[in-house]
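Colleague:
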Amino acid sequence: MQVDFCGVRGSLPAVGAEFARYGGHTSCVALTRDGERAPSLILDAGTGVQLAAELLGGEPFDGTILLSHLHWDHVQGLPFFAGGDRTQARVDVLLPEQESGASALEVLSGMMSPPYFPIDPTQLRGQWSFATIAPGASALDGFEVLAREIPHRGGRTFGYRISDGSASIAYLPDHHPTALGPGEDGFGAYHEAALELASGVDVLVHDAQLLPDELASEGHFGHAVADYSVALAERAGARSVALFHHRLDRTDDELDALAQRLAGRSAAVSVATERVALRL
């Protein structure tokens, strides 16, 4: 499996020289199965989905976009996905079942339709479908996917575990573990859903928006401390962890310092970087 980081930032895109090395696009990760030339599963559709289109080699997308939740930084790139807005494209968009019972098309149209946007989702070119996914196991475009609900503020949020039969990744881009209590170290509970998703994976891609000294003042926004991400990986037996969903004003130098501080742990630690691929 190849894991391409197309957008690694949270909340808003970051623009400027101080963000150039790690990248400024919001959340998007593309997965390509062994033996395939292009990704068939895209996790979230933040502004980074523009870079996911570059991986297609000029061909239309044929696969699934799996959304963790519906906050702007995870969906705002959807209508700008050049690989999907093509007459020959096939794009299945899946998002968590809504507690209100609203359909996928209803909730997506709430952020993508006039007067907020010139067109609605049904007006994209190609063969698009929109549906919800329930917690549990699914088969999607050659991948086995396990979905579990995880705490995050402001809308139902899923984390995912994805396997192609030879490698595995856990994707928890927005995670608010302190919503379930402070846990053993004060960074939040190491709860069953998170541990199940991360258990034994090759890489855990996890929310690392906060530093420990920011938790008290910013923890209510619904994100995790980087130290929690690493400790979760260790407790779950993950081989490595990629720190993800960087705070919108976290500079390259600050991310360098974060990587250095968390180096040498039993799970290998990296800082997710735009346009960088992992081969699992």
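The opening residue of the sequence shown carries number 4 in this note's numbering; numbering runs sequentially from there. Cβ atoms here follow ideal geometry from the backbone N, Cα and C, with glycine treated the same way.
For G189 and T160, what's the separation of their Cα atoms in angstroms?
Modeller: Indexing the sequence shown from 1 puts residue 189 at position 186. Indexing the sequence shown from 1 puts residue 160 at position 157. The straight-line gap from Cα to Cα measures roughly 22 Å.
Colleague: Note down, one range per segment and in chain order, each alpha helix (DSSP H) of at least 4 residues found wholly within the stretch 99 to 127.
Modeller: List check, alpha helix (DSSP H) in window: 107 to 112.
Colleague: In three-state terms, what does DSSP make of R238?
Modeller: Residue 238 sits at position 235 when you count from the first residue of the sequence shown. Of the three classes helix, strand and coil, the one that applies to R238 here is helix, per DSSP.
Colleague: Check whether the Cβ atoms of S43 and Q212 lie closer than 9 Å to each other.
Modeller: Sequence index remark: in the sequence shown, residue 43 carries index 40 (1-based). Sequence index remark: in the sequence shown, residue 212 carries index 209 (1-based). No, the pair does not count as a contact, with Cβ atoms beyond the cut-off.
Colleague: Among the residues of its own chain, which have a CB less than 7 Å from the CB of G225, if the five just before and after it don't count?
Modeller: Position 222 of the sequence shown, counted from the first residue, corresponds to residue 225. H155, R156, G157, D177 and H179, listed in sequence order.
Colleague: Mapping DSSP to helix, strand and coil, what is Y163?
Modeller: Within the sequence shown, the letter at position 160 stands for residue 163. Correct three-state label for Y163: strand.
Colleague: Residues in its own chain within less than 6 Å of G191 by CB, not counting five upstream and five downstream?
Modeller: In the sequence shown, counting from the first residue as 1, residue 191 sits at position 188. Closer than 6 Å at Cβ, skipping near neighbours: P180, T181 and Y231.
Colleague: Which same chain residues end up closer than 8 Å to I122 when comparing Cβ atoms and leaving out the 5 residues on each side of it in sequence?
Modeller: The sequence position of residue 122 within the sequence shown is 119, counting from 1. P82, M115 and S116.
Colleague: Which full runs of the alpha helix (DSSP H) of 4+ residues lie inside the stretch 165 to 206, going along the chain?
Modeller: With a minimum length of 4 residues, the continuous alpha helix (DSSP H) runs that stay inside the stretch 165 to 206 are 195 to 201.
Colleague: DSSP three-state call for G222: helix, strand or coil?
Modeller: Looking up residue 222 in the sequence shown gives position 219. Helix, per DSSP.
Colleague: Going by the beta-carbon positions, is the gap between G174 and V208 smaller than 9 Å?
Modeller: Within the sequence shown, the letter at position 171 stands for residue 174. Within the sequence shown, the letter at position 205 stands for residue 208. Residue identity check: residue 174 is Tyr in the sequence provided, not Gly. Yes; because the gap between Cβ atoms is below 9 Å, this pair is in contact.
Colleague: Can you tell which of Y163, G10, C31 and L111 has its C-alpha closest to the C-alpha of R153?
Modeller: Against the sequence shown, residue 153 aligns to sequence position 150. One detail in the question is off: residue 153 reads as Ile in this sequence, not Arg. Minimum Cα distance to I153 is reached at Y163.
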